[in-house]
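Just below is one structure, and these are the notes that go with it.
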Amino acid sequence: MQVGILGPLEVLVDGRPVEVGGARLRALLTRLALDAGRAVGTETLADALWGDAQPADLPNALQSLVSRLRRTVPGIPVLLSPGGYRLDLPGDAVDAQRFTALARDGRDALRGGDPDKAVRLLRDGLALWRGPALADVADAPFALAPVARLDELRLAALEDRIDAELRLAGPAHLVAELDELAAAHPLRERVWALRLRALAAAGRPAEALAAYADFRQRLADELGADPSPELREAHLAVLRGADEPPAARALHSRGNLRAALTSFVGRGAELERVDRLLADGRLVTLVGPGGAGKTRLATVAAAVRAEHGLDAAWMVELAPVTDPADVVQAALVAIDGRAAAFSDPGRRQANRDALTRLVEALAPIDALVVLDNCEHVVDAAARLADELLARCPRLRILATSREPLGITGEALCPLPPLGLPESSTADLDAVRGYPSIQLFRDRAEAVRPGFAVTADNVADVVEICRRLDGLPLAIELAAARLRSLSTAQVAARLDDRFRLLTGGSRTALERHRTLRAVVAWSWELLTSEERRLAERLAVFPSTITAESAAGVAAPDATVDAVADLLAALVDKSLLQLVGDGRYRMLETIREYGLEQLVARGDAPRLRSAHAAYFLARAELMEPQLRTRDQLRWLDAFDADRANMIGALHYAAETDDASTAVRLAAALTMPFTIRGDHEQAVALLGRALAARGPAPAAHRAVVTALFLLNSVFTGTWPGDAAVDDLKALVRVAPPKSHPFLPVIEPIMTLFTDDTEHGLAAIAEGLKDADPFTRGMLLSLSGSIKENDGDADGMLADLSEAAEIQRELGERWSLGMTLGSLSDALAKRGDLAGATAALEEASRLAAELNAREDIGYQRVWTANLRAQAGDVAWARADLERFLAESTRDGMANRTAAFVVMMLGEYDRREGKLASARARYREADEMQKLSPLIAPQFRGMLNGFEAHVAIAEGRIDDAKALVTEGIKGAMLGKDMPVIALIAVATVSLLAALDQPERAAEALGASDSLRGSSDLSNGDAVSLSAKLRARLGDAAYDAAYGRGRALSRADALALIDPAHDPDLTPGGDKT
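See below:
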């Protein structure tokens, strides 16, 4: 994260701008940024934000503003500490602090006699300024002192930079700059001293002396002062002639760089890297695939270097060179326009003469030569670069190529695709800030004036840029199609991208006029062996290893031989090394390779080989996910996840049901562990739709996990689907899959068939392996919880946890511990509940089980709140809310967090704030169809408590009725019991204490015990006991506690009681 205050407030998260709206919110962030890393006291913040008009409830107002900032800027680390609030960012994350450090280091370098280093540091620092310091709050009283300090520091850094540049020569361009500074600061002596030196060094000593005389008179007239020693010394130096200009250099030209015709977008980081590499070394090669923008970046980088002390910069275009022997002559023609290209029997001698002339031209000067498009003559280009660098000590070379030159001293700067948004669902302004989107917009606007990226077309624009891998040339060709097509039409036609993306600039190289020509050029530079492997690798939708490449694309070759070919393809920019021995092929290159395979009729064979390889790998991995080593195997799954999904899709497309279903069965556990329920539903459903035979056990497992993940996403598939599943289980061979014994018990959780579920568990426990035994006991605990058997639940969960700890399998143990923590909390054992949840949270973090991590964090906060530390709980959930927005957890998890924050507000009597939180949670859950009905029911119950507290009895009746109705859809007795506490509160509010006590007993009957973790239930119990007396309370509570499930549900459901329906009231 970067925060900029040297100009209008700017916030970048992962390189993407985030808009901070509202003057007070911007002032808050600016004030915190001024002291980043240090706490700013609440009084200091209050003075900065409100001045004398401070709010009555200052801590709450400040906390509310901080909460808004956290929601606005995802992941911003604004922490509450004993000294106030702290923006927990390192100094270099705030431009003002980074500038201060660079200005200090630049001055130190200048004083240490290193003006070259000083110039670099000071230019970097001054480049951070985007406008007046603290522009958004410059008039605020708190800003006056820091603005003055930063402005003075900026001016001093500017003076230091000019001083350093004067020591490096080249004063002509500095005179004009110093004239402006002298006009703006007519009494600043150092500016005038530097101006004298610059005028003298530029060969204008008379003007320097006149300037000194004018300034001395102004000092005397306005201040009654004499010039400083520094200024007098500069005057004496002019009189002595110490700053006479160096001799003019004999140059034929300043170079041949072409002026840009279009905007330069999205390569700022690479431009800085090239400049740094050229400052530190003498040979830099930009490497990347065709169309990545290597030539454009090289041209801009050369122009930047030419502006800072170079005598000349030349572009040598090697693309037209067809014979490597002509490379030297091509360079001479580019650098000395008077030379003529030639090719004759005396070519060798001619090349020696040309090289000599190049050395004579380049050796005496500071020059940069760009060798552009070296890949097809790479050996000759490498020899030329090596010779010139050896014989011209002041020369630097910047090369562009699809593969390195491969000589000593070469520094590589890989050119990756332009930055891409993950999806179009992010903030529109953030999406617009991505370089690939900016490039598309700029080029589209050139052919369709007024074009902009809007909410209506952003999805299409993002799809276009992502499917074109962020390759600049491909994006420019796509944007050009907007002359006749809409963005939606361009996106829809990208399946045939090589036909669509034609018609580049008429002045461009032939191979840059169509996307096909760009890729074909790279293809033709491969050896036959490299080309064959590249085509076959196109069947991989994701990353590739030497082992998988050999297994799928080269089964007759050794892995070492394939690894050598992969390295060659990386060198030639056909593959990207993405870390840990894995390679990736850009989608555009992959599409071209698939075309070649299809044309030869090899695609079905290679895609089948890919599916077979990854089926074998998935079935090798799956059993290991139930062991102590599951983390290592989960990492292996993650690495090949997209390949396995691609293999499953291909098997389903070709109605290879056996492969599709077996793959799906192998993938069920990793998907479930990670909490990827939506994708699991889509993928498992796809496998089940494939026609043809498949192993019965695998089909049963896939069907069961399809139904289970459907429930997790808020969809109940119906009792008929469960009956179909039971039929599948009956025909599957016993013990043929570890998940078979747990299928029926899981399904009974949703059909509310406790007797059948416990019987199935008892049967499954016979001869069960440890994993299955632990799962069955954990399920038994859940079934007993839903049946109101709290003691049985606790016993089964405790035994399951012991088995699972011994086994070392984290996922099932984490689920068991989560249930165990909840059970212990309801019994009032907060220490035990916290210990269990901490262990579960650690396991979830190890597994990167995103959804589990989220919910466990919420429950951890709730336990802290129950223990009395509501402030900690609130602050942690606020942080989590910001993090969840940044990480894309979005509606489901965020809605739950906001609901709980509303609960904290309600418990503290902040009813208006609680109502607002509940509304926010409601809006979030409406945006996601993937929220279980229990959530809506809980939210209704909490809202009902607020309505009761505010005297809105009819509203409360409606809310409780709706809440219990929603929870009943999930047949979730603990959630129904939670909502039933609102019924108790409603009856108490209607002055029916005996019925309220009876309803409380019915609520506890549904969960099997009193819930000591529920503050509402505990408080109501105490109030009702005080109202009725012990005997009457115990009798009424006992009647409710003794009810059957059906009678208890009827008692607590307002729909069954006219007194509790809206408009009905006996009192």
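Each residue of the sequence shown is one higher than the one before, counting from 698 in our numbering.
Every residue, glycine too, gets a C-beta built ideally from N, C-alpha and C.
Here the structure is a predicted model, which is why all the values come from computation and not from measurement.
- In the three-state DSSP reduction, Met-1670 falls in the helix class (H, G or I).
- Considered as a whole, the stretch 1307-1365 harbours 1327-1350 as its complete alpha helix (DSSP H) runs of no fewer than 4 residues, in chain order.
- Collapsing the DSSP output to three states places Ala-1564 in coil.
- Around the Cβ of Asp-1708, a 10 Å sphere holds 16 or more other Cβ atoms; the residue is buried.
- For the stretch 797-849, the full-length alpha helix (DSSP H) segments reaching 4 residues or more read 812-823 along the chain.
- Leu-1065 sits in a strand when the DSSP states are folded into three classes.
- For the set Trp-1330, Arg-827 and Arg-808, the Cα lying nearest the Cα of Ala-861 is the one of Arg-808.
- In the structure shown, Val-1275 falls within a strand segment according to DSSP collapsed to helix, strand and coil.
- Taking a cut-off of 8 angstroms on C-beta distances, the stretch 1675-1682 touches the stretch 1647-1661, as three or more cross pairs fall below it.
- According to DSSP, Glu-1014 shares a beta bridge with Asp-1069.
- Taking all protein chains in view, the Cβ of Lys-1654 is crowded by 16 or more other Cβ atoms within 10 Å, so the residue is classified as buried.
- Per DSSP, the unbroken alpha helix (DSSP H) holding Cys-1162 starts and ends at 1155-1164.
- Note on geometry: alpha-carbon atoms of Phe-1409 and His-1374 lie some 7 angstroms from one another.
- Between Ala-1558 and Leu-1527, the alpha-carbon positions lie close to 12 angstroms from each other.
- Taking each of Gly-1389, Met-1366, Arg-767 and Ala-1031 in turn and checking the Cα distance to Ala-1357, the smallest one comes out for Gly-1389.
- When rounded, the separation of the alpha-carbon atoms in Gly-921 and Ala-793 is 36 angstroms.
- Rounded to whole angstroms, the separation of the alpha carbons of Arg-892 and Ala-998 is 30 angstroms.
- Annotation for Arg-723: Leu-706, Val-717 and Asp-833 place their beta carbon closer than 6 angstroms to its own, counting only its chain and skipping 5 residues before and after.
- Out of Leu-1717, Ala-1010 and Val-816, the CA that lies nearest to the CA of Asp-802 is found in Val-816.
- When the beta-carbon positions are compared, Ala-995 and Glu-1014 stay at least 8 angstroms from each other.
- Within the same chain, and ignoring the five residues on either side of Leu-1272 in sequence, the residues whose Cβ sits closer than 6 angstroms to its Cβ are Leu-1266, Tyr-1280 and Met-1282.
- At a cut-off of 3 residues, the continuous stretches assigned as beta strand (DSSP E) that sit fully inside the stretch 1220-1296 are 1273-1276 and 1279-1281.
- Residue pairing by DSSP puts Ile-1094 in a beta bridge opposite Leu-980 and Val-1066.
- For Tyr-782, the enclosing beta strand (DSSP E) stretches over residues 781-784.
- Assigned with DSSP and collapsed to three states, Glu-1647 falls in coil, not helix or strand.
- Ranking Ala-736, Val-1066 and Pro-1111 by CA distance to the CA of Arg-964 puts Pro-1111 first.
- In the DSSP assignment, Arg-713 is bridged to Val-710.
- Its Cα nearest to that of Val-981, the residue Arg-970 stands out among Glu-1057, Arg-970 and Gly-990.
- Residue state for Val-962 is assigned as coil, using DSSP reduced to three classes.
- Counting only unbroken stretches of 4 or more residues, the alpha helix (DSSP H) elements lying wholly within the stretch 862-942 are 869-881, 886-898, 902-919 and 926-937, in sequence order.
- The Cβ atoms of Val-1672 and Met-1635 sit closer than 8 angstroms to each other.
- Between Leu-762 and Thr-739, the C-beta spacing is not below 8 angstroms.
- Residue burial is scored here from C-beta neighbours: Gly-1130 has at least 16 other C-beta atoms within 10 angstroms and is therefore classed as buried.
- According to the DSSP assignment, Glu-1107 belongs to the beta strand (DSSP E) that extends over 1107-1111.
- Three or more beta-carbon pairs drawn from the stretch 1684-1698 and the stretch 1727-1741 are found closer than 8 angstroms, and the two stretches are therefore classed as touching.
- Burial state of Arg-1323 is buried, judged by a 10 Å Cβ sphere holding 16 or more other Cβ atoms.
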